[in-house]
Amino acid sequence: MHVVVIGAGIVGAATALELLKDGHQVTIVEPEQPGGRHAASYGNSGWLSPASIIPMSMPGLWRKVPGYLADPSGPLTIRWRHLVRLAPWLLRFVLAGSTEAKVERTARILASLLHDAPSRHAALAEKIGRSDLIQRRGLLYVYQDRAAFEAETFAWRLRRDNGVSYRELSSAELHALEPDLSSRYSFAAFVEDGGHCVDPGGYVAAMVDHAVGLGAQRINARATGFDLTGNRLSGIRTEAGTVTCDKAVIAAGIHSKKLSALAGDTIPMQSERGYHVVIPYHLAKGEMPIMPSDGKMGNNPSLAGLRIAGQVELASVEESPDWTRAEILLKHARGTYPALSDLSEGKNIDRWMGHRPSTADGLPVIGFSKSSEDIVHAFGHGHVGLAAGPVSGALVADLIARRECAIDLSALSAARFR
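Residue numbers (this note's numbering): 99 to 516.
Have a look at this one:
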């Protein structure tokens, strides 16, 4: 069977490898360089955390949003001229986390995708000959004190209820693991099963290269539509012409919204624009991946330097970056690591902005399209795209092969939005 995978991010690349393993002919359609700076897979924090099951939308969020928006250094901002367009998505987003029961359900579903993320990535990295890119030294969620940790009791209870193990660390234990951390942090939750990727872009590029080495074809073009006769797919339209195929997978990140609409599904998905800065190691060290509770950013010791990733900016895909968001990340970095207290925005610091494809209910879309079961959705992973990439690829391969999936995909189907 000939399967076209639209998109060469982490989900598309993992899907291509799984399909090749099943013996399919695979073509990857992607207009940009896999793993390049355009992609969310390039710029994410690199965290591979089984604890990343807590949705952004939580009970009482609607009361906090005005404060977030009024705080110029806060983790969330909205470009006001887009507010009317964003309002329906925002309403569904807030309602998705309006009760503890709704959040508990979302956490259970995300846990089914993320519980073995580090081991899946380690196996995948070994398969493509890049074991060096995945490290499994654990992840630190750091707090100024125990009271700050206990303020997130609901979130940590959800994690424990869903099989996430963690160890509470005293100030001495924390600073023994991360000696470069500010002394104002005196408590941590240590997720020992966690891991991180030291070069997400290079990792995705290596996955695609490996797929090509196994026989996959690459077409450098943008997919524009589908050739359907009734409910049967015969080809994918691209800017370079039509590719004849039997099945297709939509794994194009934020660009999947338009393609899924052409396949019959209107998905409430917006770009949560995220930012990162990378601080060269001659300026910063950082031994461990950490997430400071007061900054809500993921700090990752990457190959290129200390990567500080975070922020949620709601705007259009086409809107130019607001680099004050990167400066906010640097401000938090200065407070997190004393060695960076005099850090200025220059000094060869790399800045990046990209688009998290985020659905209104905080869950990805994995399943058959409305128009045709020859078209499979695999997008909308929001903040967990990297971590959930390998399992998503395996689930898509199961759907195409008509095998029983390891998890119940009914909650991830696009049908939930119909």
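Positions of the beta carbon are idealized from the N, C-alpha and C atoms, including for glycine.
Just so we're clear, the structure is a prediction, and the values are computed from it rather than from any experiment.
For the segment 159-242, the continuous alpha helix (DSSP H) assignments of 4+ residues that do not extend past its boundaries occur at 159-168, 181-194, 198-212 and 215-225, in sequence order. DSSP places T125 in the strand class (E or B) of the three-state scheme. Per the C-alpha coordinates, the member of Y264, E337 and G323 positioned closest to V347 is G323.
With at least 16 other beta carbons inside 10 angstroms of its own, E370 counts as buried.
Listed as beta-bridge partners of E276 by DSSP are no residues whatsoever.
Taking a C-beta distance under 9 Å as the contact criterion, V296 and S439 do not qualify as a contact pair. P436 carries a helical assignment under DSSP once its states are collapsed to helix, strand and coil. The count of Cβ pairs closer than 8 Å, one atom from the segment 180-187 and one from the segment 260-269, stays below three, leaving the stretches out of contact. R405 and T327 have their C-alpha atoms roughly 48 Å apart.
The Cβ atoms of I365 and H453 do not sit closer than 9 Å to each other. The Cβ-Cβ distance between P277 and G133 does not fall below 9 Å. Of the residues assessed, V415 falls on the exposed side of the cut-off, its CB having fewer than 16 other CB atoms within 10 angstroms.
The three-state secondary structure of G372, taken from DSSP, is strand. Going by beta carbons, R423 and M389 fall outside the 9 Å limit. About 10 Å separates the Cβ atoms of Y239 and Y283, ruling out a contact at the 8 Å cut-off. Here G465 is buried: its Cβ has 16 or more other Cβ atoms, across all protein chains shown, within 10 Å. An exposed status is given to G121, since fewer than 16 other beta-carbon atoms sit within 10 Å of its beta-carbon. Note that the C-beta distance between A382 and A437 is below 9 Å.
Boundaries of the beta strand (DSSP E) around L326: A321 to T327. Secondary structure note for T364: it is in no alpha helix (DSSP H), with a DSSP letter that is neither H nor E. For the pair P216 and A106, the Cα-to-Cα distance works out to about 21 Å. Contact between the segment 303-311 and the segment 150-161 is absent: fewer than 3 CB-CB pairs across the two stretches fall below 8 Å. For V306, no beta strand (DSSP E) run applies; the uninterrupted alpha helix (DSSP H) run containing it begins and ends at P298 to G311, by DSSP.
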